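When you line the sequence shown up against this note's numbering, it's residues 63 to 296, in that order.
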Amino acid sequence: MLRFLAIVAVLIASHAAAAQKTVSFPTSDGGVVFADLYGSGEKGLVLAHGGQFNKESWSAQAPQFVAAGFRVLAIDFRGYGKSHGPGDKDPLGARLDLDVLAAVRYLKQTGAKSVSIVGGSMGGGAAGAASIASQPGEGRLIDRLVMLGAAPYGPAEKLTSASLWIVARDDASGGGTELRLPGIRAQFEKAPEPKKLVVLDGSAHAQYLFQTDQGGRVMAEILSFLTAKELPKR
């Protein structure tokens, strides 16, 4: 039976991957974002990559999210692939939150009733900034937010989304001299409920966590958070 279920899971993932297509949509500041679209349905999920990655870097995770019932949009930030817009020569200094918001609104305009985001490193910071920048009157534009090895670009207390923060204990920047956990924990403490912080062993940063022996746990934590009917407060 377990072997049969494993085969079924592989077939589902293969079908999801085969259903991929590339779409594009404008940003509010005149840019254009290109993205890979997987699956269908009324639950949208934006995947926002880190600085060392691109939209294709989610190809192993996207089918798993599709199998969990999500219509998945993996974006290229401006300055990556064909995506472009103001500041695309230096994406880290650009308004990447506008790329995320454009993706969220694209999913909403094409039938999604709710949209969540999973972002790694740079993408996690941009996703947090997008949650903060959501316009009054739009309701909870971003339902749930997952940040891998990241904190929002902006004051965490202004987040408008439920949030899951995942970071490795020894994840460090600055050539390995500055641990990210203290800063992420400080931002987490300021964030509104509901929220959850998961600290993993090791030093893998953001999307690199999927390549470790804890990759399965990372995916399980994300799926549990995204699919829970109600999120308990800490």
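Note that beta-carbon positions come from the ideal geometry of N, C-alpha and C, so glycine has one too.
These numbers were taken from a predicted model, which means no experiment stands behind them.
**Item:** Residues of its chain near R247, where Cβ-Cβ distance is below 6 Å and the 5 sequence neighbours each way are ignored
**Value:** Hits under 6 Å: none found.
Quick one: complete alpha helix (DSSP H) runs, 4+ long, within the stretch 242-280?
Runs found: 243-252.
Review point. If you drop the 5 nearest sequence neighbours on each side, which residues of the same chain put their C-beta closer than 7 Å to that of F87?
Key: Excluding sequence neighbours, F87 sits near V95, A164, Y168.
L109 and A129 closer than 8 Å at C-beta | With contacts defined by Cβ atoms closer than 8 Å, L109 and A129 do not form a contacting pair.
Worksheet entry | Beta-carbon contacts of P148 that lie in its chain and below 6 Å, excluding the five residues immediately before and after | Counting only Cβ-Cβ distances below 6 Å, and skipping sequence neighbours, we find D91.
Excluding the 5 residues preceding and the 5 following A266 in the sequence, name in chain order all residues of the same chain whose CB lies nearer than 6 Å to its CB. The beta carbon of A266 sits closer than 6 Å to those of A230, T274, all from its chain and outside the five residues before and after it, given in chain order.
Please report the straight-line C-alpha distance between I228 and I179, rounded to a whole angstrom.
Between I228 and I179, the C-alpha separation is close to 14 Å.
| message | Helix, strand or coil, according to DSSP, for A290 in the structure here? | response | Three-state result, A290: coil.
Tell me which residue opens and which closes the beta strand (DSSP E) that G181 is part of. Judged by DSSP secondary structure, G181 falls within the beta strand (DSSP E) whose first and last residues are 176-182.
Environment of F202 [buried if 16+ CB atoms lie within 10 Å]: In the sequence as presented, Phe is not what sits at residue 202; that position holds Arg. Result: exposed.
Round the Cβ separation of G181 and A224 to the nearest angstrom and send it over; I've been treating them as touching at under 8 Å.
With 8 Å as the limit, G181 and A224 do not qualify as a contact, their Cβ atoms being about 14 Å apart.
task = Locate the alpha helix (DSSP H) running through Q170, then write down its first and last residues.
result = The identity of residue 170 in the sequence shown is Lys, whereas the question assumes Gln. Note, K170: alpha helix (DSSP H), 158-171.
Practice problem: In angstroms with no decimal places, state the Cα-to-Cα distance between A192 and T84. | Solution: A192 and T84 have their alpha carbons spaced roughly 22 Å apart.
Does DSSP classify A122 as helix, strand or coil? Coil, per DSSP.
query: Between G264 and F115, what straight-line distance do the alpha-carbon atoms span, to the nearest angstrom?
result: For G264 and F115, the distance between alpha carbons rounds to 20 Å.
**Asked** Around the Cβ of K105, are there at least 16 other Cβ atoms within 10 angstroms (buried) or fewer (exposed)?
**Response** Buried, by the Cβ-count rule.
- Item | C-alpha gap between S286 and L226, whole angstroms | Cα-Cα distance, rounded: 10 Å.
Would you decide whether K144 is buried or exposed? Buried here means 16 or more other CB atoms lie within 10 Å of its CB. Label assigned to K144: exposed.
Please report the distance separating the alpha-carbon of A78 from that of L99. For A78, the predicted model reports a pLDDT of 47, less than 50, meaning its position is unreliable and no value from the coordinates is stated.
Self-check item: Q171 classed as buried or exposed, judged by whether at least 16 other C-beta atoms fall within 10 angstroms
Solution: It is exposed - the Cβ of Q171 has fewer than 16 other Cβ atoms within 10 Å.
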